[in-house]
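Position one of the sequence shown corresponds to residue 34 (our numbering), numbered consecutively onward.
Where is the CB? At the ideal position from N, CA and C, for every residue including glycine.
All values reported here derive from a predicted model rather than from experimental measurement.
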Amino acid sequence: MMMKTERLARRKEFEAVCTEGKSWSNNLVALRALPNSLGSNRYGFAAGKRLGGAVVRNRVKRRLREVVRRTTIKDGWDMVFIARQAATETDYRTLKKAMEELLARAQLLGNGRG
């Protein structure tokens with residue numbers, strides 16, 4: 034489970050990342066990232082209602098959180114991972130590979146925790 038300090042919790046925080054941050058995407062996940070001044074990362078995860086019922090959306094978000102937990106990411110960023118429809122039908126390994134590719138394109142893989 035992510036610590037409270039690692040989560041984007043407020044609507045205002047999500048909106049700031051989504052409107053002011055840079056964006057990268059593939060067919061499974063979209064990533065929005067905005068530098069912060071905290072020296073640590075904060076993460077948000079979104080899965081819209083068009084993905085399916087609550088069980089499906091929660092499963093996808095759990096997988097996204099687990100990939101982030103197991104991946105070394107550079108510090109000092111607020112990030113929002115947005116699941117796409119194809120993410121509901123893919124396995125964990127494929128999702129992990131897609132997210133790592135996004136983080137590499139964003140030059141965010143590296144020296145963080147992990």
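Here lysine 130 carries a helix assignment [DSSP, helix/strand/coil]. Residue range 62-68 is occupied by the beta strand (DSSP E) that includes leucine 67, with no alpha helix (DSSP H) assigned at that position. Alanine 42 and leucine 67 do not touch by the CB rule: their CB atoms are close to 15 Å apart, not below 8 Å. With fewer than 16 other Cβ atoms inside 10 Å of its own Cβ, aspartate 124 counts as exposed. Counted as a single uninterrupted DSSP element, the stretch harbouring lysine 82 is not any alpha helix (DSSP H), since DSSP gives it neither H nor E. Sequence-distant partners of alanine 120 (beyond 5 residues in either direction) whose C-beta falls short of 7 Å from its own C-beta, in its chain, are Leu61, Val62, Val93 and Leu128. The alpha-carbon of tyrosine 76 is positioned some 11 Å away from that of isoleucine 115.
In the structure shown, alanine 120 falls within a helical segment according to DSSP collapsed to helix, strand and coil.
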